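Student: First the structure, which I've put down as structure tokens, then a few questions once you've had a look.
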Amino acid sequence: MRRRDFIKTSTIAGGYAITGPALLANAGSLFPSTEKSLTDDKAWFNKSMRWAQLAFVENDPAKCDPDFWLDYFKRIHAQGALLSAGGVVAFYPTDVPLHHRSDYLGNKDLVGYMVEGCRKMNMTVCLRTDPHAARQNVYDAHPDWIAVTADGKKRRHWANPDLWVTCALGPYNFDFMTSVHKEIMTRYKPEGIFSNRWSGSGMCYCEHCVQNFKAFSGGMELPRDGGSTAKYREWNTARLKELWFLWDAEMRKIKPVSRFIPNGFPDRKITGQLADIFFVDRQGRSGNIPPWDSGRGAKELRAGGMDMKPLIHIFSVGLEESPRWKDSVNTAAELRIWAVNGVANGMLPCFVKFGATPIDKRWMSPIEQVYQGFYRSEKYLRNTASMARVAVLEQGVASAGGKPWQTNGAYHMNGMYHSLVEGHVPFEMINSAVLNAELLKPYKLLVLPNITSLSDSQCAIITKFVEDGGSVVASFESSLYDENGKKRIDFGLANLFGVSFDNAVEGPMQNSYLRLHSDAATNKFHPVLEGLEDANRIINGIYTVKVKPVATNFPSPVTLVPTYPDLPMEDVYTRNPDPDTRELYLREIGKGRVAYIPWDIERTFWQYMAPDHGKLLNNTIKWALNEEPVVAVTAPGLIETTVWRQEQSMAVHLVNLTNPMMMKGPMRELIPVNADVSIKIPANAKVTGVNLPVSERKPAYTIKDGRIMLTVTQIMDHEIVGIDLA
22 MRRRDFIKTS TIAGGYAITG PALLANAGSL FPSTEKSLTD DKAWFNKSMR WAQLAFVEND
82 PAKCDPDFWL DYFKRIHAQG ALLSAGGVVA FYPTDVPLHH RSDYLGNKDL VGYMVEGCRK
142 MNMTVCLRTD PHAARQNVYD AHPDWIAVTA DGKKRRHWAN PDLWVTCALG PYNFDFMTSV
202 HKEIMTRYKP EGIFSNRWSG SGMCYCEHCV QNFKAFSGGM ELPRDGGSTA KYREWNTARL
262 KELWFLWDAE MRKIKPVSRF IPNGFPDRKI TGQLADIFFV DRQGRSGNIP PWDSGRGAKE
322 LRAGGMDMKP LIHIFSVGLE ESPRWKDSVN TAAELRIWAV NGVANGMLPC FVKFGATPID
382 KRWMSPIEQV YQGFYRSEKY LRNTASMARV AVLEQGVASA GGKPWQTNGA YHMNGMYHSL
442 VEGHVPFEMI NSAVLNAELL KPYKLLVLPN ITSLSDSQCA IITKFVEDGG SVVASFESSL
502 YDENGKKRID FGLANLFGVS FDNAVEGPMQ NSYLRLHSDA ATNKFHPVLE GLEDANRIIN
562 GIYTVKVKPV ATNFPSPVTL VPTYPDLPME DVYTRNPDPD TRELYLREIG KGRVAYIPWD
622 IERTFWQYMA PDHGKLLNNT IKWALNEEPV VAVTAPGLIE TTVWRQEQSM AVHLVNLTNP
682 MMMKGPMREL IPVNADVSIK IPANAKVTGV NLPVSERKPA YTIKDGRIML TVTQIMDHEI
742 VGIDLA
């Protein structure tokens, strides 16, 4: 093992002082546009495909072996490093007053040594700060920097009572942390600074927050009941945006291509508009979070406007449950699935190890193996565009709430998301706050999973999308409320749905069902009932919207069987078996198709996981899409499918989620499956080769009618079908 003394960098005399935060109105001048500020060094945004993060702890400078980590970075082909530098603890010889230097640092410079080693391997370097806590000497010197509770008490740190919680929106961040960031930039010239817990730890009532909010709001007091108000959220977002602009501007003065990268932001729309690169802190799953939630973080940020800007996925090697075992090691299967799902959805991997003196090293081999696969697949991971033809609208404006059926609102999106994964449907998301006609152009189908609140202009955009040949699948109360959450007299999309709101939502519907019909004239079942032909009836949802048809010639494949008693057993029989009330409205409008489902199908699906609901949903989506799919997968179990285009290739990702621990991790093992895959060749493209880079295989394949057909065998966690194009 090599052991060299850490390099001691030259010190900077004195601390920095700034005159205070710039007014938000002038923030644009502090935050120059990407096009104006970038030089040829802008390639760093897209250069590094595999990242590694070390979150140092205070005694690491005395105990850790930096060469051990540099060797590991080289072995896994890491191209970017995210290293802790300062804030709560400085891991370098800081000269900023009150910036706590690690008690174990001595005359060493852990940050400088690691930066130098990474630079020698041509790695991108970003440095991490954490400003959310401070020590007693900071409290003594500047008690106004400390966060205050609603009852006027200074906040002790919830996990370490020796520390104080700092106010994120006052001088601690705007003055002190600006000095820290300037010092780090001056000494090490990192490509970026990433700040953890930079945006505060809940509402603060310090003197600065009280005064600043009062000035912003025209004399209002901060809410003291623990709740939030629209005006507070507006101020909080504006203040954080101002802080982001300030730190970013000061960094660019020192290194024009550097960026401040916040860990999270209250508004994904603002994140998408302002960020050139973003670290997605989605470290692992807990409770009943499914493994596909790893990649959803990428879809959500692209939905808000990130588009194809680089997204780096921070995932932990430990178990992410409460209580927080930060020195734990998760299972190899769980680590691999969480990492590859992020990559399959367009993110770049970045493992994080808390503490640089490892105790349990079992995580290192699985990470090395999966990074080797990413290294072999690099050509097929430099994505230029998603090839998905389905977009799911995400609620980006005020959502309706308050009624029993409006609780657990996330269930609608979760159910739709899971259904699409089960159906092997590649899809993207669009945040309704940024919805426009241009964003809809790549898609044939727009899905509205109970998107309750839409403005008139958003409804007009969706209507025009259908008039131009697009299709829509919508459920439950979609468009029944305006952008402010105010209930309309009728659906904003009533003309598309072909039905009007009949002034009621019924439920909970105890012991209610759906009757499945064949066509009376042909005796054939509608395509939405494929695989359900022998069911006759399936369970209903929990709530349904009463509607009146205004269009004509609806087919009637699915009708209501109303609630009837479930006790006593002698009374459990249908009173009105076939009232001819449709529970699925299907229309063709020009070249477009519209399916409106008046009940909470995806919400009920997520809650009860009835496979009949999943089949009905996916059949309806397939019918509405009404075109040959980009990729079709036939396989047992559960495989998530995504499709991407690169400059001279395309890639189909197959993520094997088949596992008894899928809905409650961690996974214990990987269970291999085989998949038959059919892939549509892009127009005017010629296939020059097909590869399976993760498993290093050359598969047998055939081409017929413009499609590649192959069988991918023994998919463990992840395989990529890489298609070279000319």
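So the sequence shown is numbered by my numbering: it starts at 22 and just counts up by one.
Where a beta carbon is used, it is the ideal one built from N, C-alpha and C, also for glycine.
The model shown is predicted, which means the values in this text are computed figures rather than measured ones.
1) Taking the continuous alpha helix (DSSP H) assigned at Trp-627, which residues delimit it?
2) Decide if the region 506 to 514 is in contact with the region 536 to 556; the criterion is three or more beta carbon pairs, one per stretch, under 8 Å apart.
3) What does DSSP give as the partner residues of Thr-150 in its beta bridges?
4) Where do the N-terminal and C-terminal ends of the alpha helix (DSSP H) with His-439 fall, by residue?
5) For Met-630, is the classification buried or exposed, using 16 other Cβ atoms within 10 angstroms of its Cβ as the cut-off for buried?
6) If we count Cβ pairs, one from each stretch, closer than 8 Å, do we get three or more for the region 136 to 152 versus the region 194 to 206?
7) Can you find a CB in chain B that lies within less than 8 Å of the CB of Asn-647?
8) With three or more beta-carbon pairs closer than 8 Å as the criterion, would you say the region 184 to 200 touches the region 250 to 266?
9) What's the C-alpha gap between Asn-408 and Ser-420?
10) Report yes if the C-beta distance between Val-579 and Ser-492 is below 8 Å; otherwise report no.
11) Is it the case that the Cβ atoms of Pro-82 and Lys-129 are separated by a distance below 8 Å?
12) Does the beta-carbon of Gln-294 have 16 or more other beta-carbons within 10 angstroms, so that it is buried, or is it exposed?
13) If the criterion is Cβ atoms closer than 8 Å, does the pair Asn-284 and Phe-395 meet it?
14) Could you check what DSSP says for Cys-371 in three-state terms: helix, strand or coil?
15) Could you pull out every residue in the same chain whose Cβ sits closer than 6 Å to the Cβ of Val-2, ignoring the five residues on either side in sequence?
16) Can you have a look at Ile-642 and say buried or exposed, based on whether 16 or more other CB atoms are within 10 angstroms of its CB?
17) In this structure, how does DSSP classify Arg-410 when only helix, strand and coil are distinguished?
18) With three or more C-beta pairs closer than 8 Å as the rule, is the region 695 to 708 touching the region 737 to 746?
19) Secondary structure at Ser-54, three-state DSSP: helix, strand or coil?
20) Out of Arg-728, Pro-703, Met-737 and Lys-701, which one is the CA nearest neighbour of Leu-713?
21) In three-state DSSP terms, what is Cys-452?
22) According to DSSP, which residues form a beta bridge with Ile-688?
23) With a cut-off of 8 Å on the beta carbons, I'd call Val-733 and Leu-675 a contact; round off their distance for me.
24) By DSSP, does Glu-79 sit in helix, in strand, or in coil?
25) Taking only the alpha-carbon atoms, compute the straight-line gap between Ser-307 and Ser-279 and give it to the nearest angstrom.
26) Taking just the CA atoms, how far does Val-338 sit from Trp-346?
27) For the region 293 to 361, which segments carrying the alpha helix (DSSP H) assignment without a break, of at least 4 residues, lie completely within its bounds, in sequence order?
28) Grab me the residues of Arg-176's own chain with a C-beta within less than 7 Å of its C-beta, minus the 5 sequence neighbours each way, in chain order.
29) Among the residues of its own chain, which have a CB less than 7 Å from the CB of Glu-79, if the five just before and after it don't count?
30) Tell me whether the region 63 to 74 and the region 357 to 373 touch, counting them as touching only if at least three CB pairs, one residue from each stretch, are closer than 8 Å.
31) Could you say which of Ala-365, Val-136, Lys-400 and Phe-300 lies nearest to His-334 if we only look at CA atoms?
32) For the region 417 to 434 and the region 679 to 695, state whether three or more C-beta atom pairs, one from each stretch, are separated by less than 8 Å.
33) Helix, strand or coil for Thr-580? Go by DSSP, reduced to three states.
34) DSSP puts Lys-701 in a beta bridge; with which residues?
35) How many Å lie between Ala-360 and Glu-591 at the Cα?
36) Would Gly-562 and Asp-621 qualify as a contact pair, given that the criterion is a beta-carbon distance under 8 Å?
Tutor: A quick look at the data gives this:
1) Here residue 627 corresponds to residue number 606 of the sequence shown, with the count starting at 1. According to the DSSP assignment, Trp-627 belongs to the alpha helix (DSSP H) that extends over 622 to 629.
2) Short answer: they don't touch.
3) For this step, residue 150 is matched to residue 129 along the sequence shown. Answer is Gly-107 and Ser-216, bridged to Thr-150.
4) For the purposes of this step, residue 439 is identified with residue 418 of the sequence shown, where counting begins at 1. Unbroken alpha helix (DSSP H) run through His-439: 431 to 443.
5) Along the sequence shown, one-based indexing puts residue 630 at 609. Label assigned to Met-630: exposed.
6) yes
7) Looking at the structure shown, chain B is missing, and only one protein chain is on hand.
8) The region 184 to 200 is in contact with the region 250 to 266.
9) For this step, residue 408 is matched to residue 387 along the sequence shown. For this step, residue 420 is matched to residue 399 along the sequence shown. As written in the sequence, residue 408 is Met, which differs from the Asn given in the question. Distance between the alpha carbons of Met-408 and Ser-420 is about 30 Å.
10) Translated into positions along the sequence shown, residue 579 becomes position 558. Translated into positions along the sequence shown, residue 492 becomes position 471. Cβ distance not < 8 Å, so Val-579 and Ser-492 don't count as in contact.
11) By 1-based counting over the sequence shown, the position of residue 82 is 61. By 1-based counting over the sequence shown, the position of residue 129 is 108. Yes. Within cutoff.
12) By 1-based counting over the sequence shown, the position of residue 294 is 273. Exposed, because fewer than 16 other Cβ atoms sit within 10 Å of the Cβ of Gln-294.
13) Position 263 of the sequence shown holds residue 284. Position 374 of the sequence shown holds residue 395. Not closer than 8 Å, so no.
14) The sequence position of residue 371 within the sequence shown is 350, counting from 1. Residue state, collapsed to three classes: strand.
15) Here the chain has residues from 22 to 747 only, and residue 2 is not among them.
16) Your numbering for residue 642 matches position 621 in the sequence shown. Buried: at least 16 other Cβ atoms inside 10 Å.
17) Residue 410 sits at position 389 when you count from the first residue of the sequence shown. Arg-410: coil per DSSP, three-state reduction.
18) yes
19) Along the sequence shown, one-based indexing puts residue 54 at 33. Reliability fails at Ser-54, whose pLDDT of 40 lies under 50, so the model's placement of it is uncertain and the value that follows must be treated cautiously. If DSSP states are grouped into helix, strand and coil, Ser-54 belongs with coil.
20) If you number the sequence shown from 1, residue 713 lands on position 692. The option with the nearest alpha carbon to Leu-713 is Met-737.
21) Your numbering for residue 452 matches position 431 in the sequence shown. Per the sequence presented here, residue 452 reads as Asn, with Cys not at that position. Three-state result, Asn-452: strand.
22) Numbered from 1 along the sequence shown, position 667 holds the residue referred to as residue 688. Rather than Ile, the amino acid found at residue 688 in this sequence is Met. Beta-bridge pairing links Met-688 to no other residue.
23) For this step, residue 733 is matched to residue 712 along the sequence shown. For this step, residue 675 is matched to residue 654 along the sequence shown. Rounded, the Cβ-Cβ distance is 6 Å, consistent with contact.
24) Translated into positions along the sequence shown, residue 79 becomes position 58. Note: Glu-79 maps to coil in three-state DSSP.
25) Working through the sequence shown from its first residue, we reach residue 307 at position 286. Working through the sequence shown from its first residue, we reach residue 279 at position 258. Rounded to the nearest angstrom, the two C-alpha atoms are 34 Å apart.
26) One-based indexing of the sequence shown puts residue 346 at position 325. One-based indexing of the sequence shown puts residue 338 at position 317. If I take the Cα positions, the gap works out to 11 Å.
27) 314 to 322
28) Here the question's residue 176 lines up with position 155 in the sequence shown. So the list reads Ile-167, Ala-168, Val-169, Thr-170, Trp-185 and Val-186, once near-sequence residues are dropped.
29) Taking the first residue of the sequence shown as position 1, residue 79 is located at position 58. So the qualifying residues of the chain are Val-110, Ser-123, Asp-124 and Tyr-125.
30) yes
31) Counting from one through the sequence shown, the residue named residue 334 turns up at place 313. Closest option to His-334, Cα to Cα, is Phe-300.
32) no
33) For the purposes of this step, residue 580 is taken as residue 559 along the sequence shown, with counting starting at 1. Looking at Thr-580 - three-state DSSP - the assignment turns out to be strand.
34) By 1-based counting over the sequence shown, the position of residue 701 is 680. DSSP lists Arg-728 as partners of Lys-701.
35) As a position in the sequence shown, residue 360 is number 339, starting the count at 1. As a position in the sequence shown, residue 591 is number 570, starting the count at 1. Those two C-alpha atoms are separated by around 53 Å.
36) The residue labelled residue 562 in the question sits at position 541 within the sequence shown. The residue labelled residue 621 in the question sits at position 600 within the sequence shown. Yes, the Cβ-Cβ distance between Gly-562 and Asp-621 is below 8 Å.
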